[in-house]
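In what follows, a single structure is set out as structure tokens and then discussed.
2 protein chains.
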Amino acid sequence: MTATSTNARAPLDAERIIETAIAIADAEGVDALTMRRLADELGYKVMALYRHVANKDELLASMVDEVAAAILVPGADTPPLQGIREHCISTRDVFVRHPWAPGLWLHHTPGANRIEHMEYLLAAFGRSGLPHELGHHGYHAVVNHVLGYTLQAQKMDESIDGGSIDDLARAFMDSLDAERHPHTIAHVQEHLDGDTGPSFELVLDLILDGLVRLAEH
Amino acid sequence: MTATSTNARAPLDAERIIETAIAIADAEGVDALTMRRLADELGYKVMALYRHVANKDELLASMVDEVAAAILVPGADTPPLQGIREHCISTRDVFVRHPWAPGLWLHHTPGANRIEHMEYLLAAFGRSGLPHELGHHGYHAVVNHVLGYTLQAQKMDESIDGGSIDDLARAFMDSLDAERHPHTIAHVQEHLDGDTGPSFELVLDLILDGLVRLAEH
DNA sequence: GAATGATGCGTACGTTGTACGCGTGGTGCG
DNA sequence: CGCACCACGCGTACAACGTACGCATCATTC
Chain A
6 MTATSTNARA PLDAERIIET AIAIADAEGV DALTMRRLAD ELGYKVMALY
56 RHVANKDELL ASMVDEVAAA ILVPGADTPP LQGIREHCIS TRDVFVRHPW
106 APGLWLHHTP GANRIEHMEY LLAAFGRSGL PHELGHHGYH AVVNHVLGYT
156 LQAQKMDESI DGGSIDDLAR AFMDSLDAER HPHTIAHVQE HLDGDTGPSF
206 ELVLDLILDG LVRLAEH
Chain B
6 MTATSTNARA PLDAERIIET AIAIADAEGV DALTMRRLAD ELGYKVMALY
56 RHVANKDELL ASMVDEVAAA ILVPGADTPP LQGIREHCIS TRDVFVRHPW
106 APGLWLHHTP GANRIEHMEY LLAAFGRSGL PHELGHHGYH AVVNHVLGYT
156 LQAQKMDESI DGGSIDDLAR AFMDSLDAER HPHTIAHVQE HLDGDTGPSF
206 ELVLDLILDG LVRLAEH
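Taken in sequence, the protein lines are chains A and B.
Residues in the first sequence are numbered consecutively from 6, following the working numbering.
Residues in the second sequence are numbered consecutively from 6, following the working numbering.
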């Protein structure tokens with residue numbers, strides 16, 4: 006299960022450390038990311054890492070910002086609200102590929118790449134024609150939606166991990182009393198029965214359309 | 006700074022352990038909640054706790070569910086959508102009082118109290134007149150909003166902790182180039198300048214109204 | 001009074017992040 | 001050509017942390 010293990014014993018620099026750390030977190034979850042584990046993966050001993058990385062926290066921050074680089078920024082000719090939409094969807098795609106990222110997103114002050122995304126979104130809201138204050142709220146609403154949705158999905162996957170989703174859900178279902186919790190049971194069942202539809206984009210559009218409508222009174 | 010320190014050396018049972026743990030987490034953050042620290046606070050030694058609590062993870066789950074008990078469930082005569090609104094606001098209030106809770110919310114399978122809240126919300130959506138599938142999405146949208154919003158606010162507070170909010174924000178602002186990130190700077194400045202309005206309820210209503218509108222085509 | 005079970009706790013271990021300082025090899029200057 | 005220097009890798013060590021294990025103490029029951 007060794008994560009891609011980029012050819013070990015290349016000179017070792019911050020870049021390589023961060024990328025290997027991302028590979029481990031992707032493959033085995035962020036809990037498996039130990040400084041020792043990371044050093045092993047790179048073919049070095051633990052303390053060698055500390056020549057290139059201040060500490061684990063800074064490393065995690067770097068990983069987040071590295072991942073943020075993969076988020077697409079729509080071209081300048083894209084209409085503001087459509088651009089916001091695309092940017093959100095791209096962010097979600099990146100989070101799906103790096104499920105540990107949303108959980109760390111909020112723990113660190115934004116790095117260079119995240120700042121670029123903040124700037125893009127805020128600028129797009131500025132150009133959107135929405136009242137300024139509504140843009141402010143819209144920014145938070147949209148960021149919150151992307152982050153929250155992905156977090157929820159990630160935690161579900163995480164708690165499953167080894168066993169199938171059904172096993173866990175069944176176990177949870179067994180703790181429910183059919184008399185007292187019919188709606189909850191039905192809801193979980195809907196998840197088990199597969200696609201409950203493109204919830205993410207539906208709510209995203211609902212927020213964006215709602216903002217436009219609010220501006221129109 | 007010793008958290009309320011309920012009269013130590015009472016007989017020690019699960020209830021008391023959970024409540025003291027909550028007090029510590031409230032007062033000093035969840036990172037300060039160590040099994041040893043908790044034992045100290047109660048006037049016992051570490052291993053005594055393990056007679057009443059399986060392990061730390063189970064303790065955290067119990068804390069979350071205990072906190073969930075404080076969320077108000079509107080009366081049966083409250084109109085569904087209004088009830089959902091009130092329930093969300095009450096949840097937010099509880100999260101504000103226990104800032105560590107939203108971060109743990111997703112880590113554990115729901116306990117008895119959380120199940121009750123799921124059931125209430127889903128039942129209310131069922132009674133709301135919204136198409137069933139829209140209710141399903143609405144449930145997630147609303148839960149996500151409450152959780153995400155509070156999480157974001159909590160992480161901000163947490164990263165401040167000792168120093169004033171201004172210090173941190175100023176430091177962040179200094180990392181911004183006024184030429185390249187004018188919108189980001191303006192946005193942070195708006196936060197520093199105080200109330201940017203009742204963002205939470207505004208977006209909550211936006212979501213709820215949006216759902217109703219979607220149902221009406 | 002002897003057996004039983006619940007409860008507190010002393011000791012100890014494995015895992016984690018990381019401080020400190022030594023050794024070594026390449027590089028630039030005299 | 002040799003010597004000083006410095007960047008880099010790493011061995012050792014320590015302070016948290018969660019928690020396994022088993023003994024000691026007490027109250028209860030027969």
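No residue lacks a Cβ here, since even glycine has one placed at the ideal position from N, Cα and C.
Model, not experiment: these values are computed from the prediction.
Check	Outcome
Is it the case that the Cβ atoms of B:Glu-124 and A:His-103 are separated by a distance below 8 Å?	no
So for B:Leu-207, helix, strand or coil by DSSP?	helix
Any C-beta of chain B sitting closer than 8 Å to the C-beta of A:Asp-82?	no
Roughly how many angstroms separate the alpha carbons of B:Gly-108 and B:Ala-81, rounded to a whole number?	30 Å
Spatial neighbours of B:Asn-118 within its chain, please: C-beta separation below 7 Å, excluding the five flanking residues on both sides.	Asp-70, Ala-73, Ala-74
Taking A:Val-193 as the reference, which of B:Arg-90, B:Ala-26, B:His-141, B:Val-193 has the closest Cα?	B:His-141
Taking 8 Å as the CB-CB limit, is B:Leu-68 close to chain A?	One detail in the question is off: residue 68 of chain B reads as Met in this sequence, not Leu. Cβ-Cβ to chain A under 8 Å: no for B:Met-68.
Classify B:Gly-88 as buried or exposed, calling it buried when 16 or more other Cβ atoms lie within 10 Å of its own Cβ.	buried
Let's see if you can read the secondary structure: which residues bound the alpha helix (DSSP H) around A:Gly-134?	No alpha helix (DSSP H) holds A:Gly-134; DSSP gives it neither H nor E.
Report buried or exposed for B:Val-51, applying the criterion of at least 16 other Cβ atoms within 10 angstroms of its Cβ.	exposed
Comparing alpha-carbon positions, which option in B:Gly-143, B:Ser-204, B:Ala-174 lies nearest A:Ile-208?	The residue you asked about is not Ile; residue 208 of chain A is Val in the sequence shown. Comparing Cα positions, the closest option is B:Gly-143.
For a quick check, are the C-beta atoms of B:Leu-64 and A:Gln-157 less than 8 Å apart?	no
Measure the beta-carbon distance from B:His-5 to B:Leu-126 and round it to whole angstroms, keeping in mind my assumption that it falls under 8 Å.	With chain B covering only 6 through 222, there is no way to say anything about residue 5 of chain B.
If I'm right that A:Ile-120 touches A:Val-99 with Cβ under 8 Å, what's the distance once you round it to whole angstroms?	Between A:Val-99 and A:Ile-120 the Cβ distance is about 16 Å, and since that is not below 8 Å, they are no contact.
Run down chain B in chain order and give the residues with a C-beta less than 8 Å from the C-beta of A:Thr-189.	Ile-120, Met-123, Glu-124, Leu-127
Give the residues of chain A in contact with B:Gly-154, contact being defined as C-beta atoms less than 7 Å apart.	Sequence check: residue 154 of chain B is Tyr here, not Gly. The contacting residues are Asn-149.
Taking B:Arg-97 as the reference, give the member of B:Ala-19, B:Tyr-154, B:Ala-53 with the closest Cα.	B:Tyr-154
Helix or strand or just coil, what does DSSP make of A:Arg-41?	helix
Under DSSP, the alpha helix (DSSP H) around B:Trp-110 begins and ends at which residues?	106-110
In this structure, how does DSSP classify B:Leu-17 when only helix, strand and coil are distinguished?	coil
Anyone know if the C-beta pair for B:Ile-212 and B:Ala-146 falls short of 8 Å?	yes
Roughly how many angstroms lie between the CA atoms of B:Tyr-49 and B:Ala-30, to the nearest whole one?	18 Å
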